[in-house]
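Novice: Quick note on the UniProt record's numbering: the sequence shown kicks off at 1 and runs consecutively.
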Amino acid sequence: MAPEFDYTLDFDKIDFRKQPGLYRSGRGEQGVLMVEPYKSEILPHWRFATPEVATASSEKILAMFYEYLEQEDFVGADMARKLLQMGFTRARRYANYPGGKKYKGPVPEDKKGQCGSHGRPENPRQKEDPVKAESARIFREKWQEAAADPRYKELRERHHELYG
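1. Quick check for students: name the residue ranges of the alpha helix (DSSP H) that lie wholly in the segment 68-143, counting only runs of 4 or more.
2. With DSSP collapsed to three states, give me the class of Leu162.
3. Thinking C-alpha only, which one of Ser117, Glu128, Lys13, Arg156 is nearest Arg92?
4. For the alpha helix (DSSP H) that Ile42 lies in, which residues bound it at each end?
5. Determine the direct distance from the alpha carbon of Met86 to that of Asp110, and round the result to whole angstroms.
6. Can you give me the Cβ contacts of Gly76 inside the same chain, cut-off strictly under 6 Å, excluding the 5 residues immediately before and after it?
7. Leaving out the 5 sequence neighbours to the left and right, which residues in its chain are closer than 7 Å to Ala95 when beta-carbon positions are compared?
8. Can we say the segment 143-163 touches the segment 117-125, given the rule of at least three CB pairs closer than 8 Å?
9. In whole angstroms, what separates the C-alpha of His159 from that of Lys102?
10. Tell me whether the beta-carbon of Pro51 lies closer than 8 Å to the beta-carbon of Arg24.
11. Grab me the residues of residue 169's own chain with a C-beta within less than 6 Å of its C-beta, minus the 5 sequence neighbours each way, in chain order.
12. Assign Ser58 to buried or exposed, taking buried as 16 or more other Cβ atoms, counted over all protein chains shown, within 10 Å of its Cβ.
13. CA-CA distance, Lys82 and Gln144?
14. Which residue wins for smallest C-alpha separation from Phe48, given the options Arg90, Pro20, Ile42?
15. Tell me the DSSP secondary structure of Met64 in three-state form.
16. Applying the 10 Å Cβ sphere with the 16-neighbour rule, what's the burial state of Val53?
17. Would DSSP call Arg156 helix, strand or coil?
Here it is as structure tokens:
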């Protein structure tokens with residue numbers, strides 16, 4: 001089991017490439033929009049509006065994932081994996097909910113950046129948007145490829161052994 005993501009860190013002041021020991025992978029997509037410099041490197045390539053855009057985006061992010069693996073940079077590889085996963089989950093959300101809004105009302109200020117309903121009621125699902133569903137499928141395929149990579153698994157295990 002992965003160590004919990006540490007939301008108490010001062011993310012504006014940490015370069016996780018220089019201080020990888022501070023990184024905890026957590027569950028799923030936790031921290032995907034917080035960990036620098038990786039967020040700034042990968043996020044500009046993250047798009048899922050159409051299957052064509054999702055294909056180009058997921059291929060670029062998967063290539064970055066493999067570049068991070070070549071550098072034995074677990075944090076970078078994990079962030080790329082998380083953005084591939086987020087491509088799947090966000091495209092699925094847009095496939096299921098108008099405007100991608102699963103919950104009614106704003107996210108509470110103290111919960112921004114964290115997943116979950118935070119006590120908000122769920123909006124009704126729409127008829128599935130086939131374009132967004134296909135974008136989700138494309139991202140899911142790349143996410144699963146990344147998550148199954150033996151070098152990634154080895155680096156993840158090593159990181160957890162070294163840093164918790």
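The beta-carbon is built from N, C-alpha and C at its ideal position, and this holds for glycine as well.
Specialist: In terms of the structure at hand:
1. 74-96
2. helix
3. Glu128
4. 38-42
5. 21 Å
6. Tyr38, Tyr68
7. Glu128, Asp129, Lys132, Ala133, Ala136
8. no
9. 34 Å
10. no
11. This structure cannot speak to residue 169, because the chain is shown only from 1 to 164.
12. buried
13. 11 Å
14. Arg90
15. helix
16. exposed
17. helix
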